[in-house]
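K.L.:
Here's a structure for you.
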Amino acid sequence: MYDVASRSDAGPVASTGCPSGRLQRADGEIRLAFAGAGGGVREAYQQGSAKVRFPRNYEADGMIEAVLLNTAGGVTGGDRFRISAEAGERSAAVLTTQAAEKAYRSTGGEARIDVTLVAASGARLGWLPQETILFDGARLARTLTLSCDGCAEALLCEAVVLGRTASGERVRQGRLTDRWRIRRGDRLVYADDLRIDGAAWEHLAGPATLAGGRAFASLLLVAGDAGSRLDRARSALDGAGVRAGASAWDGLLSARVVAGDGAGLRQALCRLFAATGWAAPRSWMI
Numbered sequence: 092m093y094d095v096a097s098r099s100d101a102g103p104v105a106s107t108g109c110p111s112g113r114l115q116r117a118d119g120e121i122r123l124a125f126a127g128a129g130g131g132v133r134e135a136y137q138q139g140s141a142k143v144r145f146p147r148n149y150e151a152d153g154m155i156e157a158v159l160l161n162t163a164g165g166v167t168g169g170d171r172f173r174i175s176a177e178a179g180e181r182s183a184a185v186l187t188t189q190a191a192e193k194a195y196r197s198t199g200g201e202a203r204i205d206v207t208l209v210a211a212s213g214a215r216l217g218w219l220p221q222e223t224i225l226f227d228g229a230r231l232a233r234t235l236t237l238s239c240d241g242c243a244e245a246l247l248c249e250a251v252v253l254g255r256t257a258s259g260e261r262v263r264q265g266r267l268t269d270r271w272r273i274r275r276g277d278r279l280v281y282a283d284d285l286r287i288d289g290a291a292w293e294h295l296a297g298p299a300t301l302a303g304g305r306a307f308a309s310l311l312l313v314a315g316d317a318g319s320r321l322d323r324a325r326s327a328l329d330g331a332g333v334r335a336g337a338s339a340w341d342g343l344l345s346a347r348v349v350a351g352d353g354a355g356l357r358q359a360l361c362r363l364f365a366a367t368g369w370a371a372p373r374s375w376m377i
């Protein structure tokens with residue numbers, strides 16, 4: 092279906108050389124490039140525990156959906172994943188995941204996930220992974236970097252669920268850091284950092300933080316007309332049964348959402364995606 096130049100680490104499996112008693116760490120990398128105006132996937136590279144699939148799209152919007160997989164089954168201390176995607180002029184693509192990512196208890200060190208996105212003029216590029224489930228004692232550091240042309244549009248979202256709510260698990264220790272950097276042309280237009288560590292976990296039930304919520308998300312729309320979509324976004328959140336807020340300025344629309352569980356958060360995000368002119372990835376519906 093797509094004209095793809097695909098390369099992967101298909102060579103022979105070498106000995107890990109890990110000293111006795113040390114666990115092997117997962118490592119993976121994905122590099123994608125999308126051609127403009129219906130040109131499809133120009134490059135798809137996968138290495139290690141990171142894989143990518145391209146399901147068929149029968150819709151008329153021409154949006155390419157890249158579904159990322161972690162064959163390691165989750166991340167833990169010492170794991171490293173790198174994801175990069177470049178959307179060419181007038182291309183349309185969304186990156187998502189096959190399932191919720193799981194960040195397991197760390198026995199030492201932190202897991203890292205670094206995402207780098209580039210959107211050229213007229214491109215539409217989405218970063219909409221399913222939620223990350225944070226286990227008690229997990230240590231996870233993530234970065235999300237976007238460089239886009241002034242005429243490009245991008246939708247970014249990261250969602251986190253604290254513990255396995257169905258089994259009553261509570262997250263009482265660990266570390267989570269998120270670092271977002273958004274550039275339009277050569278100018279830094281958005282910078283956001285989140286860190287939950289140490290005693291901070293004890294304060295998440297307060298009214299100024301999660302107020303007892305177990306799931307939360309950050310969303311950012313980068314578009315020249317982002318401000319015109321603010322009223323629709325607020326209306327969608329008002330009827331979603333969550334604690335949320337949204338604001339817009341200078342071609343950016345930012346929203347924060349807090350829910351009692353992952354299911355409630357997902358429903359609210361799907362409403363929010365639609366209100367901002369995007370559809371939830373099909374893998375979210377499975």
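Residue 92 is where the sequence shown starts when you use this note's numbering, and the numbers rise one by one after that.
All C-beta atoms, glycine included, are put in the ideal place defined by N, C-alpha and C.
(1) Does Thr207 come out as helix, strand or coil in the three-state DSSP assignment?
(2) Return the CA-CA distance between Ala308 and Leu363, expressed in angstroms with no decimal places.
(3) Could you give the distance in angstroms between the alpha-carbon of Ala178 and the alpha-carbon of Ala210?
(4) Measure the alpha-carbon distance for Asp316 versus Tyr281 and round it to whole angstroms.
(5) Buried or exposed, going by whether 16 or more other CB atoms sit within 10 Å of the CB of Asp288?
(6) Given Ser197, which residues of its chain have a CB within under 7 Å of its CB, disregarding the five upstream and five downstream residues?
(7) DSSP state of Phe364, grouped into three classes?
(8) Would Ala157 and Leu123 qualify as a contact pair, given that the criterion is a beta-carbon distance under 8 Å?
(9) If we ignore side chains and look at the alpha-carbon of each, how far apart do Leu160 and Ser374 end up?
(10) Tell me whether Ile377 is buried or exposed, calling it buried when 16 or more other Cβ atoms sit within 10 Å of its Cβ.
(11) Along the chain, which unbroken stretches of the alpha helix (DSSP H) at least 4 residues long are found entirely within the stretch 268-347?
(12) Any idea if Arg261 is buried or exposed, counting beta-carbon neighbours within 10 angstroms, 16 or more meaning buried?
(13) Alpha carbons only, please: which of Thr188, Leu216, Lys193 and Gly199 is nearest the one belonging to Ser182?
(14) Where does Leu279 land, buried or exposed, given buried means 16+ other C-beta within 10 angstroms?
(15) Who are the Cβ neighbours of Leu295 in its own chain at under 7 Å, not counting the five residues just before and after it?
(16) DSSP on Gln410, reduced to helix/strand/coil?
(17) Exposed or buried, Pro220, counting other C-beta atoms within 10 Å across all chains shown (16 or more means buried)?
(18) Tell whether a beta-carbon distance below 8 Å holds between Ala337 and Ala346.
(19) Could you please give the first and the last residue of the uninterrupted beta strand (DSSP E) stretch that includes Gly139?
(20) Assign Arg144 to buried or exposed, taking buried as 16 or more other Cβ atoms, counted over all protein chains shown, within 10 Å of its Cβ.
(21) Just the C-alpha distance for Gly304 and Ala335, rounded to the nearest angstrom, thanks.
(22) What are the residues that DSSP puts in a beta bridge with Val185?
P.N.:
Looking at the coordinates:
(1) Position 116 of the sequence shown holds residue 207. Thr207: strand per DSSP, three-state reduction.
(2) Start at 1 with the first residue of the sequence shown, and residue 308 comes out as number 217. Start at 1 with the first residue of the sequence shown, and residue 363 comes out as number 272. Here the C-alpha atom of Ala308 lies approximately 11 Å from the C-alpha atom of Leu363.
(3) Translated into the one-based positions of the sequence shown, residue 178 becomes position 87. Translated into the one-based positions of the sequence shown, residue 210 becomes position 119. In a straight line, the C-alpha of Ala178 is about 5 Å away from that of Ala210.
(4) Sequence index remark: in the sequence shown, residue 316 carries index 225 (1-based). Sequence index remark: in the sequence shown, residue 281 carries index 190 (1-based). Cα-Cα distance, rounded: 16 Å.
(5) As a working mapping, residue 288 is identified with position 197 in the sequence shown. Asp288 is exposed by the Cβ-count criterion.
(6) For the purposes of this step, residue 197 is taken as residue 106 along the sequence shown, with counting starting at 1. Closer than 7 Å at Cβ, skipping near neighbours: Thr167, Gly168, Gly228, Ala229 and Arg230.
(7) As a position in the sequence shown, residue 364 is number 273, starting the count at 1. Here Phe364 sits in helix by DSSP.
(8) Position 66 of the sequence shown, counted from the start, is the residue given in the question as residue 157. Position 32 of the sequence shown, counted from the start, is the residue given in the question as residue 123. Annotated as proximal: Ala157 and Leu123, with beta-carbon spacing under 8 Å.
(9) Residue 160 sits at position 69 when you count from the first residue of the sequence shown. Residue 374 sits at position 283 when you count from the first residue of the sequence shown. Rounded to whole angstroms, Leu160 to Ser374 spans 11 Å at the Cα level.
(10) Translated into the one-based positions of the sequence shown, residue 377 becomes position 286. Its Cβ having fewer than 16 others within 10 Å, Ile377 is exposed.
(11) Runs of the alpha helix (DSSP H) inside the stretch 268-347: 321-329.
(12) Residue 261 sits at position 170 when you count from the first residue of the sequence shown. Result: exposed.
(13) Stepping through the sequence shown from its first residue, residue 182 is reached at position 91. When only C-alpha atoms are compared, the closest one is Leu216.
(14) In the sequence shown, counting from the first residue as 1, residue 279 sits at position 188. Exposed, by the Cβ-count rule.
(15) Indexing the sequence shown from 1 puts residue 295 at position 204. The answer, listed in chain order, is Leu301.
(16) Here the chain comprises residues numbered 92 to 377, so residue 410 is not present and cannot be evaluated.
(17) Locating residue 220 in the sequence shown gives position 129, counting from the first residue. So Pro220 counts as buried.
(18) Counting from 1 along the sequence shown, the entry for residue 337 is found at position 246. Counting from 1 along the sequence shown, the entry for residue 346 is found at position 255. Cβ distance < 8 Å, so Ala337 and Ala346 count as in contact.
(19) Residue mapping note: residue 139 aligns to position 48 of the sequence shown, counting from 1. Its beta strand (DSSP E) spans residues Val132 to Gly139.
(20) Here the question's residue 144 lines up with position 53 in the sequence shown. Exposed.
(21) One-based indexing of the sequence shown puts residue 304 at position 213. One-based indexing of the sequence shown puts residue 335 at position 244. Distance between the alpha carbons of Gly304 and Ala335: 11 Å.
(22) Within the sequence shown, the letter at position 94 stands for residue 185. Among the bridge pairs identified by DSSP, Val185 is matched with Glu156 and Gly217.
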